[in-house]
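*Asks:* Here it is, the structure in full.
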Amino acid sequence: MSQAVKVERRETLKQKPNTSQLGFGKYFTDYMLSYDYDADKGWHDLKIVPYGPIEISPAAQGVHYGQSVFEGLKAYKRDGEVALFRPEENFKRLNNSLARLEMPQVDEAELLEGLKQLVDIERDWIPEGEGQSLYIRPFVFATEGALGVGASHQYKLLIILSPSGAYYGGETLKPTKIYVEDEYVRAVRGGVGFAKVAGNYAASLLAQTNANKLGYDQVLWLDGVEQKYIEEVG
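The sequence shown maps to residues 3 to 236 in our numbering.
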């Protein structure tokens, strides 16, 4: 059953950024979607709230044991019309990631309706320039304040929005220098490489930093067994 999405309004709205200087992920809209979970109630309290800091326990299990997943998708506006690019596929993948980390599944249809309402409220934040979009970041993390390895009984889901330009800077495509990584690996069979797990990205940072120091923009990962087959870039 769909829940009504409550909206908590801000008293004042932010000044919107200059769309010619957006970059990627530097600015955030006025509102975000919030959803809570606990083992007794399930997912509950779906609402749109002012974007801002959140409070969690220092013992939150997502911080200590890595139960954290995310997604990334975009909304576009052309001639005043707003379009989301295949959000259903992103929420399917979100559920696959949640399942892999023993985290509770979300109702994809309900979440999509909440996202549509959030994007509609924030439609004036969607840039219309070439290569620009409203980047949408759904993420879920464990919030139960208790130490000891095990699946959390409490979680929070947030969706934040960021008007953005090209990921690598500039509004036009440009050649990218790619370093072939032959020491570290991105994923192995039976692991979590297929899921958008926060820790996957943390594990890639050392290789990315090393590649940057050598004058490269990105990393090309090889397979985790023989390290001779191309797996992915990024």
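In this text, a Cβ means the ideal position worked out from N, Cα and C, and glycines have one as well.
Note that the structure is predicted; figures quoted are calculated from it, not measured.
1. Over what stretch of residues does the alpha helix (DSSP H) that includes P165 continue unbroken?
2. Does any C-beta atom of chain D lie closer than 8 Å to the C-beta of Q107?
3. Looking only at its chain, what residues have a beta carbon closer than 8 Å to the beta carbon of E173, apart from the 5 residues adjacent to it on each side?
4. Count the other CB atoms within 10 Å of the CB of F30; is the residue buried (16 or more) or exposed (fewer)?
5. For my contact list, Y181 and Y218 are in at a C-beta cut-off of 8 Å; report their separation, rounded to the angstrom.
6. May I ask you to report which of helix, strand or coil DSSP gives V151?
7. Identify, in the order they occur along the chain, each residue of the same chain with its Cβ nearer than 6 Å to the Cβ of I68, setting aside the five sequence neighbours on each side.
8. Give the DSSP bridge partners of V187, in chain order.
9. Candidates G193, L136 and D225: which alpha carbon is nearest R1's?
10. Quick one, which of V187, P177, E124 and R191 has its alpha-carbon nearest L15's?
11. Using only the alpha-carbon positions, how far apart do F141 and P19 sit?
12. At the level of alpha carbons, what is the spacing between Y39 and E112?
13. What's the call for E90, buried or exposed, on a 16-neighbour Cβ count within 10 Å?
14. What number of angstroms, rounded off, separates the C-alpha of Y203 from the C-alpha of E13?
15. By DSSP, does D109 sit in helix, in strand, or in coil?
16. Would you mind sorting D32 into buried or exposed? The rule is 16 or more other CB atoms within 10 Å of its CB.
17. Looking at C-alpha atoms only, which residue of A77, I58 and P177 is the closest neighbour of Q156?
18. Tell me which residues share the same chain as V194 and place their Cβ nearer than 7 Å to its Cβ, disregarding the 5 neighbours each side in the sequence.
19. Please determine, among Y53, N98 and A62, the residue with the shortest C-alpha to C-alpha distance to V71.
20. Among D122, A144, K43 and R11, whose alpha-carbon lies nearest the alpha-carbon of P52?
21. What does a CB cutoff of less than 7 Å around N184 pick up in its chain, not counting 5 residues either side in sequence?
22. Can you pull the DSSP bridge partners for R80?
23. Determine the burial state of F196: buried for a count of at least 16 other Cβ atoms within 10 Å of its Cβ, exposed for fewer.
24. Put F93 into one of helix, strand or coil per three-state DSSP.
25. Hey, would you say W127 sits closer than 8 Å to P177, going by beta carbons?
*Replies:* Let's see:
1. By one-based count along the sequence shown, residue 165 stands at place 163. Where P165 is concerned, there is no enclosing alpha helix (DSSP H), although the beta strand (DSSP E) it sits in stretches over Q156 to S166.
2. Given the protein chain composition of this structure (a single chain), no chain D is represented.
3. Locating residue 173 in the sequence shown gives position 171, counting from the first residue. Because the pLDDT at E173 is just 49, under 50, the model does not fix this residue reliably, and the point stays unresolved.
4. By 1-based counting over the sequence shown, the position of residue 30 is 28. When all chains shown are included, F30 counts as buried.
5. For this step, residue 181 is matched to residue 179 along the sequence shown. For this step, residue 218 is matched to residue 216 along the sequence shown. Yes, Y181 and Y218 are in contact; Cβ-Cβ is about 4 Å, under 8 Å.
6. The residue you call residue 151 lines up with position 149 of the sequence shown. The answer is coil: DSSP assigns V151 none of H, G, I, E or B.
7. In the sequence shown, counting from the first residue as 1, residue 68 sits at position 66. Per the sequence shown, the amino acid found at residue 68 is Gly instead of Ile. G201.
8. For the purposes of this step, residue 187 is taken as the residue at position 185 of the sequence shown. Note: V187 sits in no beta bridge, so no partner.
9. Nothing about residue 1 can be reported from this structure: the residues present for the chain run from 3 to 236 only.
10. For the purposes of this step, residue 15 is taken as residue 13 along the sequence shown, with counting starting at 1. Closest option to L15, Cα to Cα, is E124.
11. Walking along the sequence shown from the start, residue 141 turns up at place 139. Walking along the sequence shown from the start, residue 19 turns up at place 17. One C-alpha to the other measures close to 24 Å.
12. The residue you call residue 39 lines up with position 37 of the sequence shown. The residue you call residue 112 lines up with position 110 of the sequence shown. Roughly 14 Å between the two C-alpha positions.
13. The residue you call residue 90 lines up with position 88 of the sequence shown. With fewer than 16 Cβ atoms within 10 Å of its Cβ, E90 is classed as exposed.
14. If you number the sequence shown from 1, residue 203 lands on position 201. If you number the sequence shown from 1, residue 13 lands on position 11. In a straight line, the C-alpha of Y203 is about 36 Å away from that of E13.
15. By 1-based counting over the sequence shown, the position of residue 109 is 107. D109: coil per DSSP, three-state reduction.
16. Indexing the sequence shown from 1 puts residue 32 at position 30. It counts as buried.
17. As a first step, residue 156 must be located in the sequence shown, where it is residue number 154. Q156 has its Cα closest to that of I58, out of A77, I58 and P177.
18. Here residue 194 refers to the residue found at position 192 of the sequence shown. Counting only Cβ-Cβ distances below 7 Å, and skipping sequence neighbours, we find R102 and N202.
19. On the sequence shown, residue 71 is found 69 positions in, with the first residue counted as 1. Of Y53, N98 and A62, the residue nearest in Cα terms is N98.
20. Numbered from its first residue, the sequence shown carries residue 52 at position 50. The candidate whose alpha carbon is nearest that of P52 is R11.
21. Residue mapping note: residue 184 aligns to position 182 of the sequence shown, counting from 1. It is Asp, not Asn, that sits at residue 184 in the sequence shown. Once the five neighbours on either side are set aside, the close Cβ partners of D184 are L224 and Q229.
22. Counting from one through the sequence shown, the residue named residue 80 turns up at place 78. Note: R80 sits in a beta bridge opposite E83.
23. In the sequence shown, counting from the first residue as 1, residue 196 sits at position 194. So F196 ends up on the exposed side.
24. Taking the first residue of the sequence shown as position 1, residue 93 is located at position 91. Looking at F93 - three-state DSSP - the assignment turns out to be helix.
25. Counted from its first residue, the sequence shown places residue 127 at position 125. Counted from its first residue, the sequence shown places residue 177 at position 175. Cβ atoms of W127 and P177: not closer than 8 Å.
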